Ligand SMILES: [Fe+2]
């Protein structure tokens, strides 16, 4: 197995708050918690999950303050993980694993199968409540200080839908959370909603869009006025989902002849202003979007097709199968002319993109951070961190031999700490797997120069994560206060 295979292995034990050895000097102003989520349990009683995205969710917590770092991890406690960790069996359907082979059982378990969740993708906040998210619209709340699972957040509304994204946006104008659900039925539709940030789990429908064959959309775009659902031509017949007997994602079909459809919905009245067609591509992640003089600009990490999903089956990954690379692309939508044009933002590959979200989400921006593959090669896992100046394609790279970084989280420097208002004044935090020592470390980079500031060593290999957030500690009179975003 290639060295990066350690990133797809389950850790032996949970880790309870150990202090990490720090090399370098972490700035005093960096005070808070990096919370991360990702698949971490892949084997079950002699069998195993099939796909990276099937692994049982583990939360990771890097508490940073006064130059010190403490690390803990903990599995989410869900019906799905209880079956895996205690009963040592797979009971519930995951992204690409379905234990329910029997048609009779499938027919009578749709409700059961919609309840258990394995939210292993992302972390968000509903006001002061912290939730782990996946593509089943049932967030799981947890305590950010202990990582203890608090329970499924049941929505108090009638929005419906069986699929959502783990990438809700914050409305750049109101601050509300915005997301969509796909409602699969004879009359399938996307339902775009907003959710107030006061912690109330109640969603308000903003608009809907009928669709015969819903697309697999892992994220979407938001601007000051619009939501843009980018329908890649990886689509599903809803009946197939119910009747095929195959795991969720294996019901989707790649239909490049459909092209990519950009559904532009006005959040003011929920009306779809335009559906524009562009060349076929596939993406998991949007980078940013904004509108300017009647046109919309959509930046995303584009693959030529959906073969990346097959490449992320665990057998293929562990065998070192080719890993397709995503290119950072900009699509310019002109609703009046009915045109879509695309151009690459840089020459490096880019995945798991992050920006200075609080400052630039839905607005023109300059810098994107992400992971990529050295020289765009497909025979290794993601092995470098990338910073792109999207204005001119300028690129900075960080890499170390035999090391595999995860999603880089940008943390803006607070005012008064050598910050002069530049978008990239701050730090980038990434968990890196070092194959030679079978261990990981939290890497701290200067976001401006992309040079290392410090690292904090974990004694074991941390499985590759997907997404996370940094939550600042607000210092009041020298004491720790409430969490603040
Ligand atoms: Fe994602």
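Residue numbers (the numbering used here): 5 to 489.
From the three backbone atoms N, C-alpha and C, an ideal C-beta is built for every residue, glycine too.
Note that the structure is a prediction, hence the values are computed from the model and not measured.
{"Item": "Let me know the secondary structure DSSP gives residue 378 once reduced to three states.", "Value": "helix"}
{"Item": "Report yes if the C-beta distance between residue 30 and residue 448 is below 8 angstroms; otherwise report no.", "Value": "yes"}
{"Item": "How many whole angstroms separate the CB atoms of residue 212 and residue 229, which I take to be in contact at a CB cut-off of 8 angstroms?", "Value": "The pair is not a contact, with the Cβ atoms about 18 angstroms apart (cut-off 8 angstroms)."}
{"Item": "At the level of alpha carbons, what is the spacing between residue 191 and residue 166?", "Value": "14 angstroms"}
{"Item": "I need the straight-line Cα distance from residue 82 to residue 146, nearest angstrom please.", "Value": "11 angstroms"}
{"Item": "Out of 463, 445, 464 and 468, which has the shortest C-alpha to C-alpha gap to residue 457?", "Value": "445"}
{"Item": "Report the residue from 46, 67 and 193 whose alpha carbon sits nearest the alpha carbon of residue 57.", "Value": "46"}
{"Item": "Note down the Cα distance separating residue 480 from residue 416, rounded to an integer number of angstroms.", "Value": "Annotation note: pLDDT 42 at residue 480 (below 50); position unreliable, coordinate value reported separately. For residue 480 and residue 416, the distance between alpha carbons rounds to 19 angstroms."}
{"Item": "Report the partner residues of residue 81 according to the DSSP bridge assignment.", "Value": "Answer by DSSP bridge pairing: none, since residue 81 is not bridged."}
{"Item": "Look at the Cβ atom of residue 375, then the Cβ atom of residue 349, and state whether they are nearer than 8 angstroms.", "Value": "no"}
{"Item": "Provide the residue(s) that pair with residue 232 in DSSP beta bridges, ordered along the chain.", "Value": "225 and 268"}
{"Item": "Which full runs of the beta strand (DSSP E) of 3+ residues lie inside the stretch 416-457, going along the chain?", "Value": "430-438 and 443-450"}
{"Item": "Alpha carbon to alpha carbon, what distance is there between residue 473 and residue 366?", "Value": "18 angstroms"}
{"Item": "Using only the alpha-carbon positions, how far apart do residue 418 and residue 148 sit?", "Value": "22 angstroms"}
{"Item": "Cutting at 8 angstroms between CB atoms, please list the residues of its own chain near residue 277, excluding the five before and the five after it.", "Value": "230, 268, 269, 270 and 339"}
{"Item": "Unbroken beta strand (DSSP E) runs of length 3 or more, entirely within the stretch 346-400: which are they?", "Value": "355-358, 371-376 and 388-393"}
{"Item": "Following the continuous alpha helix (DSSP H) through residue 320, name the residue where it begins and the one where it ends.", "Value": "318-322"}
{"Item": "List in chain order the residues whose CB is within less than 7 angstroms of at least one heavy atom of ligand 1.", "Value": "125, 126, 170, 171, 222, 223, 288, 289, 470 and 471"}
{"Item": "Can you give the beta carbon distance from residue 344 to residue 266, rounded, assuming they're within the 8 angstroms contact cut?", "Value": "6 angstroms"}
{"Item": "Quick check: residue 257 and residue 239, are their CB atoms within less than 8 angstroms of each other?", "Value": "yes"}
{"Item": "May I ask which residues mark the beginning and end of the beta strand (DSSP E) holding residue 61?", "Value": "60-69"}
{"Item": "How long is the line joining the alpha carbons of residue 107 and residue 130, rounded to whole angstroms?", "Value": "For residue 107, the predicted structure reports a pLDDT of 45, less than 50, and the residue's modelled location is therefore unreliable. A value from the coordinates is still provided. About 38 angstroms."}
{"Item": "For the stretch 62-76 against the stretch 169-177, are there 3 or more C-beta pairs whose distance is under 8 angstroms?", "Value": "no"}
{"Item": "Counting pairs of beta carbons, one from the stretch 316-324 and one from the stretch 289-303, are three or more of them closer than 8 angstroms?", "Value": "no"}
{"Item": "Using 8 angstroms for Cβ pairs, my map puts residue 326 next to residue 354. What's the rounded Cβ distance?", "Value": "That belief does not hold up - the Cβ atoms of residue 326 and residue 354 are roughly 18 angstroms apart, past 8 angstroms."}
{"Item": "Considering just the uninterrupted stretch of the beta strand (DSSP E) at residue 280, what are its terminal residues?", "Value": "276-282"}
{"Item": "If residue 336 sits next to residue 301, beta carbons under 8 angstroms apart, how far is it from one beta carbon to the other, in whole angstroms?", "Value": "6 angstroms"}
{"Item": "What is the residue span of the beta strand (DSSP E) that residue 127 lies within?", "Value": "126-130"}
{"Item": "Could you tell me how far apart the beta carbons of residue 207 and residue 237 are, in whole angstroms, since I believe they sit closer than 8 angstroms?", "Value": "That pair is no contact at about 28 angstroms."}
{"Item": "By DSSP's criteria, residue 74 is part of a beta bridge. Which residues make up the other side?", "Value": "23 and 67"}
{"Item": "Between the Cα of residue 24 and those of 60, 68 and 91, spot the shortest distance and give me the residue it belongs to.", "Value": "68"}
{"Item": "Drop a sphere of 10 angstroms on the beta-carbon of residue 440, count the other beta-carbons inside from all chains shown, and report buried for 16 or more, exposed for fewer.", "Value": "exposed"}
{"Item": "Taking C-alpha atoms, which residue in 126, 242 and 334 lies nearest to residue 283?", "Value": "334"}
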